[in-house]
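Throughout, my numbering is defined as the position within the sequence shown, counted from one, plus 14. Beta carbons: idealized from backbone N, C-alpha and C, even for Gly. Structure first, then comments.
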Amino acid sequence: MCGIVGYIGDNKAKDVVIEGLEKLEYRGYDSAGIAVLKDGNLFVEREVGKLSELKNLIRNKDLMSNIAIGHTRWATHGEPSVANAHPHTSTGYDIAVVHNGIIENFMELREMLSKKGHVFRSATDTETIVHLIADYYIDNLEIAVIKALEELEGAYAIAVVSKHEPDRIIVARKGSPLIIGVGEHENIIASDVTATLKYTDKVVYLNDGEVAVVKADSVKLMNSNGVELPLDIKIVDWDISAAEKLGYKHFMLKEIFEQPEVIINTLRGKIYSEQVEIKEISAEILHGIKRVSVIACGTSFHAGLVGKYIIEEELRIPVSLDVASEFRYRNPIIEEDTLYLVVSQSGETADTLAALREVKAHGAKVIGIVNVVGSTIAREANGVIYTNAGPEIGVASTKAFIAQLVSFYLLMLQIGRIQEKISKGKEREYIKILEKIPNQIENILKNHLYIQSVSKSLTFVKSIMYVGRNINYPIALEGALKLKEISYIHAEGYQAGELKHGPIALIDEFTPSVAVCVKGSTYAKTLSNIQEIKARKGKVIIIATEGDDKIKNEGMDVLYIPEISELFSPLLTVIYMQLIAYYVAEIKGLDVDKPRNLAKSVTVE
Ligand code: AGP
């Protein structure tokens with residue numbers, strides 16, 4: 015998820031773009047760049063690191079102009095570097111493009127364009143766009159852009175300028191947000207309203223497939239065939255801080271609601287003609303593995319635990335799990351035919367990085383499941399699956415977790431195909447199930463106000479028990495962790511069957527439980543555990559499967575997920591866990607995004 019800004023109007027283009035990028039830095043911050051058109055020429059300045067680095071670079075440069083586009087990057091293809099920073103330019107340095115999204119067919123296009131003499135200078139998918147536009151360009155930029163877009167597969171929000179047509183910015187979107195701030199003799203384009211609100215409250219939200227020609231005094235909106243459309247100008251009444259969170263009260267809530275889109279982005283570029291192909295992992299690494307060892311911390315550890323159930327159930331390959339801080343001090347036995355997986359949102363967690371280095375020091379291979387492109391763990395692993403969840407600002411991990419789960423399903427399918435343990439039919443069936451998840455999560459999220467009301471009952475309790483069985487036991491752990499870290503209420507996650515071996519002594523009318531009891535292999539057993547809790551006056555919030563009338567009267571509240579195979583149910587049950595924790599902390603008036611004592615990335619041991 016990157017940030018795009020463009021301005022055309024009077025001679026303050028550079029300042030408006032830089033200021034706008036500052037507002038969008040929450041969307042990505044590993045490199046930044048700006049392109050201005052001045053005196054018939056195109057000037058491009060780019061710098062790796064935060065926006066402040068770019069500001070230092072251009073401080074003494076004369077970039078005064080009435081037209082500019084800029085970009086703050088969240089790397090998806092190509093590590094953070096100046097060469098990979100946007101804007102990207104055509105071979106002749108006459109056209110510049112900034113892009114937010116993922117182009118899935120960029121390799122094929124890159125090969126075709128290189129053969130036609132276009133010179134590639136980066137490892138990004140974005141650079142393909144600018145060379146494609148240049149390839150079509152004769153004397154009309156908007157036509158060249160429209161033709162180029164017809165060949166792109168994937169998601170994009172782009173802004174394009176050319177030194178041959180210095181009176182316009184061409185913008186287009188498909189799958190990534192783009193808006194036009196409509197001003198007086200000036201117009202601003204951006205990824206979201208945070209970058210335009212200072213100058214105008216009038217906004218046009220582009221829809222997928224639309225293209226616009228933005229001049230200082232006009233905006234021409236078209237569909238993908240170039241047919242002009244009426245402008246639907248909205249008035250935005252958010253303040254800036256609300257806008258950064260796109261109107262959500264906290265980044266965590268925004269990130270919970272982003273999860274349908276995140277799953278689409280995590281799947282994007284990893285499924286080709288109904289089979290999984292994670293290009294970043296070579297087949298030979300997966301071919302001969304007989305065991306898997308997962309090493310991680312916190313929420314990422316819980317994702318790995320779900321991964322254990324997934325891989326063992328479907329591939330019959332044993333999976334061991336270690337908390338990273340334990341792994342490296344227990345003198346681990348490192349075996350060659352074991353695939354080591356480290357899971358990390360930040361890619362900088364010191365314990366996980368140390369475990370990776372320990373494994374590599376023994377000559378074994380490590381694959382990372384990582385969100386931050388170019389992070390230390392991503393760079394030092396022998397292969398990496400990027401979760402493409404975009405920057406996760408809330409300290410409590412939500413969208414990154416769900417992206418990690420999806421990555422485990424994809425990895426299971428890829429290993430299964432390579433080791434011939436998963437039939438083509440099953441692979442197609444599972445891919446279809448994954449592709450339906452975003453819509454199912456959308457439907458669960460529609461209940462969020464009901465979940466807020468359910469959460470009220472938990473706001474002032476002293477301790478909460480989370481229970482689940484089988485593949486939803488890790489979701490019980492994750493639910494307890496989410497609650498602990500943002501509401502400061504003690505919570506424990508347990509295997510439901512373990513209660514009778516001690517923890518049930520904690521249950522009374524003041525200690526509620528949250529139980530995952532969805533349809534599946536351990537449904538009946540979990541239901542009896544719920545009854546054991548109730549027999550001790552324990553109140554229970556149950557996460558169950560739609561249509562399960564038997565359970566309706568078993569809990570003080572029942573939260574339903576749609577019918578789904580038990581194997582995939584964690585992708586849905588965890589949504590309720592996230593929302594319960596969020597609303598308890600929000601009702602308590604706590605700092606949900608920055609909870610006390612915690613950091614987003616634990617880079618110390
Ligand atoms: C998750 O909500 C916590 N913030 C924390 O447990 C986190 O998952 C853990 O520190 C691991 O971080 P990583 O995924 O960046 O390695």
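Assuming the contact rule is C-beta atoms closer than 8 Å, residue i and residue j should be a hit. Round their C-beta distance to whole Å, please.
i    : j    : result
N279 : I116 : 7 Å
I429 : L300 : 5 Å
L71  : E59  : 6 Å
F422 : G321 : 4 Å
L581 : I455 : Actually they do not touch by this definition, with Cβ atoms about 16 Å apart.
E39  : G63  : Actually they do not touch by this definition, with Cβ atoms about 11 Å apart.
E93  : V387 : 6 Å
Which residue marks the beginning of the alpha helix (DSSP H) containing residue i, and which one marks its end?
i    : result
G493 : 487-501
R442 : 438-459
M591 : 584-601
M266 : 265-271
H316 : 312-329
K293 : Run containing K293: none; DSSP gives neither H nor E here.
D29  : 27-38
D149 : 140-150
N543 : 537-549
M426 : 413-432
M121 : 120-129
S527 : Run containing S527: none in the alpha helix (DSSP H); it sits in the beta strand (DSSP E), 527-530.
A162 : 155-163
H301 : 297-301
I72  : 65-72
Assuming residue i is part of the beta strand (DSSP E), what are its boundary residues?
i    : result
I48  : 45-52
K248 : 247-249
H85  : 81-87
R610 : Note, R610: premise wrong, no beta strand (DSSP E); not H, not E.
Y621 : There is simply no residue 621 to check, as the chain begins at 15 and stops at 619 in what is shown.
R187 : 183-188
F57  : 55-62
L509 : Note that residue 509 corresponds to Gln in the displayed sequence, not to Leu. Unbroken beta strand (DSSP E) run through Q509: 504-509.
Y464 : Note, Y464: premise wrong, no beta strand (DSSP E); alpha helix (DSSP H) at 462-470.
L573 : 571-575
V19  : 17-22
K216 : 216-219
V373 : Segment 364-375 is the alpha helix (DSSP H) holding V373; no beta strand (DSSP E) there.
Residue i: buried (16+ other C-beta within 10 angstroms of its C-beta) or exposed?
i    : result
M266 : buried
Q592 : buried
V618 : exposed
R344 : exposed
V133 : exposed
V276 : buried
M121 : exposed
R342 : buried
A613 : exposed
I113 : Checking the sequence, you will find His at residue 113 rather than Ile. The residue is buried, with at least 16 neighbouring Cβ atoms inside 10 Å.
G408 : buried
Y107 : exposed
E434 : exposed
I347 : exposed
R41  : buried
Short of 7 Å in beta carbon distance, which residues of its chain neighbour residue i, apart from the five on each side in sequence? Order them along the chain.
i    : result
G223 : K188, N237, S238
V357 : V308, A310, S314, A317, G318, I383, Q418
What residues in its chain sit with their C-beta under 6 Å from that of residue i, if we drop five residues either side in the sequence?
i    : result
N396 : K379, V380
V598 : S469, L472, T473, S501
V398 : E294, G382, V384, A392
P274 : P452, I455, E456
Y354 : S307, V373, A378, V380
P488 : H316, L319, V320
Y151 : A158
G240 : I160
Could you name the residues of the same chain whose beta carbon sits closer than 8 Å to that of residue i, not counting the 5 residues immediately before and after it, in chain order?
i    : result
E560 : Y574, I575, P576, E577
R371 : E394
L329 : M426, I429, G430, Q433, K435, I436
Requested in this report: Mind the definition here: the segment 163-175 touches the segment 269-285 only if three or more C-beta pairs lie below 8 Å; say whether that holds.
Outcome: At 8 Å Cβ cutoff, the stretches touch.
Report task. Tell me, please, whether the segment 547-555 touches the segment 513-526 by the rule of three or more beta-carbon pairs shorter than 8 Å. Result -> The segment 547-555, when compared against the segment 513-526, does touch it at the 8 Å Cβ threshold.
Query raised in the report: Are the segment 459-466 and the segment 285-297 touching, with three or more C-beta to C-beta distances below 8 Å?
Result: By the C-beta criterion, the segment 459-466 is judged not to be in contact with the segment 285-297, since fewer than 3 inter-stretch pairs fall below 8 Å.
Query raised in the report: Should the segment 463-471 be called in touch with the segment 441-450, which here means at least 3 C-beta pairs below 8 Å?
Result: With the cut-off at 8 Å, the segment 463-471 and the segment 441-450 do not touch.
Requested in this report: Could you say if the segment 199-209 and the segment 33-40 meet the contact criterion of at least three C-beta pairs nearer than 8 Å?
Outcome: Judged by Cβ distances under 8 Å, the segment 199-209 makes contact with the segment 33-40, as three or more pairs qualify.
Query raised in the report: Does the count of Cβ pairs from the segment 41-48 and the segment 86-102 closer than 8 Å reach three?
Result: The segment 41-48 makes contact with the segment 86-102, as at least three CB pairs between them are under 8 Å.
Query - Contact between the segment 122-141 and the segment 190-207 (3+ Cβ pairs under 8 Å) - result: With a cut-off of 8 Å, the segment 190-207 and the segment 122-141 do not count as touching, because too few Cβ pairs lie within range.
Report task. Specify whether the segment 173-189 and the segment 144-156 touch according to this definition: at least 3 beta carbon pairs, one from each stretch, less than 8 Å apart. Result -> Yes, the segment 173-189 touches the segment 144-156.
Query raised in the report: Is the segment 562-571 close to the segment 505-520, with three or more CB pairs under 8 Å?
Result: Counting Cβ pairs under 8 Å, fewer than three are found: no touch.
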